[in-house]
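Chains as they are written, first to last, in this note's numbering: chain A, 180 to 394; chain B, 180 to 394.
Glycine residues also receive a C-beta, built at the ideal position from the N, C-alpha and C atoms.
Number of protein chains: 2
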Amino acid sequence: MSELRLQITMTLDGYVAGPNQSVEHPLGEGGEHLHDWAVKLKTFREMHGGEAGGETGTNDDVLREAFDNIGAVIMGRNMFGGGPGPWGTEPWSGWWGDNPPFHTPVFVLTHHAREPMVMEGGTTFHFVTDGIESAFEQAKAAAGGKDVSLGGGASAAQQYLGAGLIHELEVHIVPIILGGGARLFDNLGDSGINLEPIRTLEGPGVTHLKYRVKK
Amino acid sequence: MSELRLQITMTLDGYVAGPNQSVEHPLGEGGEHLHDWAVKLKTFREMHGGEAGGETGTNDDVLREAFDNIGAVIMGRNMFGGGPGPWGTEPWSGWWGDNPPFHTPVFVLTHHAREPMVMEGGTTFHFVTDGIESAFEQAKAAAGGKDVSLGGGASAAQQYLGAGLIHELEVHIVPIILGGGARLFDNLGDSGINLEPIRTLEGPGVTHLKYRVKK
Numbered sequence: 180m181s182e183l184r185l186q187i188t189m190t191l192d193g194y195v196a197g198p199n200q201s202v203e204h205p206l207g208e209g210g211e212h213l214h215d216w217a218v219k220l221k222t223f224r225e226m227h228g229g230e231a232g233g234e235t236g237t238n239d240d241v242l243r244e245a246f247d248n249i250g251a252v253i254m255g256r257n258m259f260g261g262g263p264g265p266w267g268t269e270p271w272s273g274w275w276g277d278n279p280p281f282h283t284p285v286f287v288l289t290h291h292a293r294e295p296m297v298m299e300g301g302t303t304f305h306f307v308t309d310g311i312e313s314a315f316e317q318a319k320a321a322a323g324g325k326d327v328s329l330g331g332g333a334s335a336a337q338q339y340l341g342a343g344l345i346h347e348l349e350v351h352i353v354p355i356i357l358g359g360g361a362r363l364f365d366n367l368g369d370s371g372i373n374l375e376p377i378r379t380l381e382g383p384g385v386t387h388l389k390y391r392v393k394k
Numbered sequence: 180m181s182e183l184r185l186q187i188t189m190t191l192d193g194y195v196a197g198p199n200q201s202v203e204h205p206l207g208e209g210g211e212h213l214h215d216w217a218v219k220l221k222t223f224r225e226m227h228g229g230e231a232g233g234e235t236g237t238n239d240d241v242l243r244e245a246f247d248n249i250g251a252v253i254m255g256r257n258m259f260g261g262g263p264g265p266w267g268t269e270p271w272s273g274w275w276g277d278n279p280p281f282h283t284p285v286f287v288l289t290h291h292a293r294e295p296m297v298m299e300g301g302t303t304f305h306f307v308t309d310g311i312e313s314a315f316e317q318a319k320a321a322a323g324g325k326d327v328s329l330g331g332g333a334s335a336a337q338q339y340l341g342a343g344l345i346h347e348l349e350v351h352i353v354p355i356i357l358g359g360g361a362r363l364f365d366n367l368g369d370s371g372i373n374l375e376p377i378r379t380l381e382g383p384g385v386t387h388l389k390y391r392v393k394k
């Protein structure tokens, strides 16, 4: 059965993006260092256009596993960006250029209906206007029996966590104090989420905490 | 040189106490499970009155190290409790009975001057009304060359972190989502804290992340 897996990098003080996200600062002010641990890895380079080289080791193993057996991706509109407003001009096609690093169908949560956008490398953006459950159902149908990855950002993650729809959560904790921005664990209230630790791995500049999520 | 070391248990969503702390719920509602990982350990039992037995292993090693080379303790008034108000009657002497688990001088941050209280087992509570720097200076003087432990709670930890006075931070992350309460990393603003990871250890029900703190 397809599971919904959330992989996300979080500062020790709980932020997945800095304050004042904008086209100059897609991850908010100070957020540009969130993914320093990932961008130099072999798997990251492969997913982002096949550039040769890159580091291997624990962090690369974790990242490779995160992409393994993923048949579709869900993301929130803030992560996709664009849409009406100052962030971009239509037709905005995301931050990732012509060949996005997903290489699967991607379901974007939005209030604005749009036709699907077929990109290079296997990525097609679908725009879902009828809610998170519908997006998960569509993503599952598209995933062909594989799992679905929730790409973020914070708001989408909170909605799926709060609704009890996430099966597996891996938080990559980086030694950064942002002091402000978007928190992963906010607006959850008394959501009754139970976490069962699966494993802890430590790599250079990041600690990976993996959990099963039960509601 | 005496260093200031903070050891604190935090939920994955960043809380060190649940909401609505009271005499019935010293760690807030839902916070009673924060220290489940610790209370069954051999070292915990020894510090809390010498009760025999208790678990050994990674968690016990971490806890033993946390108490090692500590010559004085600082805590905030919420952690000490009592004082004027509904939480207790004078003279309140803390939550820990006649023989508190500190066995060193303890400096309590407060706005209410009081005479020191000499307890059993080596603990003496001193009440500091002139701020966090003064408390640290007094604690250092009392520690006899050993380190000073910052016991908590959240507000005291935030003040010392924000002032750049903490040298070593170990966060014990437990797989709990509280959804509300007192966050460790709050009210820090743009404090310019730099963290250098020292090590990660995983024990049953808790992951220990240790950092050097630089400002």
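Taking 8 Å as the CB-CB limit, is residue i close to chain B?
i      : result
A:F364 : yes
A:I187 : no
Which residues of chain B have a Cβ atom closer than 7 Å to the Cβ of residue i, listed in chain order?
i      : result
A:Y390 : P354
For a cutoff of 8 Å on Cβ pairs, would you count residue i as touching chain A?
i      : result
B:D192 : yes
B:E375 : yes
B:P280 : no
B:L183 : no
Residues of chain A with CB closer than 7 Å to the CB of residue i, please, in chain order.
i      : result
B:I372 : I356
B:D379 : First, the residue type needs correcting, since residue 379 of chain B is Thr and not Asp in the sequence shown. Neighbours of B:T379 on chain A, chain order: T379, E381 and T386.
Between the Cα of residue i and the Cα atoms of the options, which residue gives the shortest distance?
i      : options                           : result
A:A335 : A:I249, A:H204, A:V241 and A:G260 : A:G260
A:R293 : A:D309, A:E299 and A:P279         : A:D309
A:A231 : A:V241, A:K219 and A:L242         : A:K219
B:S272 : B:T302, B:G384, B:Q317 and B:Q338 : B:T302
A:L288 : A:G324, A:N257 and A:H204         : A:N257
A:F197 : A:H212, A:I187 and A:T386         : Looking at the sequence provided, one finds Gly at residue 197 of chain A rather than Phe. Taking only the C-alpha atoms, the option nearest A:G197 is A:H212.
B:L191 : B:G371, B:G360 and B:I253         : B:G360
B:T188 : B:G209, B:W216 and B:P295         : B:W216
A:P354 : A:H204, A:T386 and A:G276         : A:T386
B:A342 : B:S370, B:R362 and B:L183         : B:S370
B:G276 : B:H291, B:H290, B:D247 and B:M296 : B:M296
A:K319 : A:Q186, A:G300 and A:L344         : A:L344
A:G330 : A:I253, A:N278 and A:E316         : A:I253
A:G210 : A:K389, A:Y390 and A:G332         : A:G332
B:F286 : B:P280, B:N278, B:E299 and B:Q317 : B:Q317
B:D247 : B:G358, B:E182 and B:I356         : B:E182
A:H305 : A:I356, A:Q337, A:T283 and A:E347 : A:T283
B:I377 : B:G384, B:P383, B:Y390 and B:G207 : B:Y390
A:K394 : B:I356, B:S328, B:N366 and B:P383 : B:I356
A:G382 : A:W274, A:G358, A:D240 and A:E203 : A:D240
Just the chain B side, please: which residues come within less than 8 Å of residue i by C-beta, in chain order?
i      : result
A:D369 : G358 and G359
Can you tell me the Cβ-Cβ gap for residue i and residue j, rounded? I've got them flagged as a contact below 8 Å.
i      : j      : result
A:A245 : A:E349 : 7 Å
A:L374 : A:V392 : 6 Å
B:F364 : B:G229 : At roughly 35 Å, the Cβ-Cβ gap does not stay under 8 Å, so B:F364 and B:G229 are not in contact.
A:A322 : A:G255 : That belief does not hold up - the Cβ atoms of A:A322 and A:G255 are roughly 18 Å apart, past 8 Å.
A:G233 : A:R243 : About 11 Å; that fails the 8 Å criterion.
A:I352 : B:L388 : 7 Å
A:T235 : A:K221 : 5 Å
Determine whether the Cβ of residue i lies closer than 8 Å to any Cβ atom of chain C.
i      : result
B:P270 : You won't find chain C in this structure, because its protein chains are A and B.
Got a sec: does the ligand MG put a non-hydrogen atom nearer than 7 Å to the Cβ of residue i?
i      : result
A:S334 : This structure lacks the ligand MG, and indeed carries no ligand of any kind.
What runs of the alpha helix (DSSP H), each 4 residues or longer, lie entirely inside the segment 224-278 of chain A? 237-246 and 256-259
Could you pull out every unbroken alpha helix (DSSP H) segment of at least 4 residues lying fully inside the segment 316-373 of chain B, listed in chain order? 333-341
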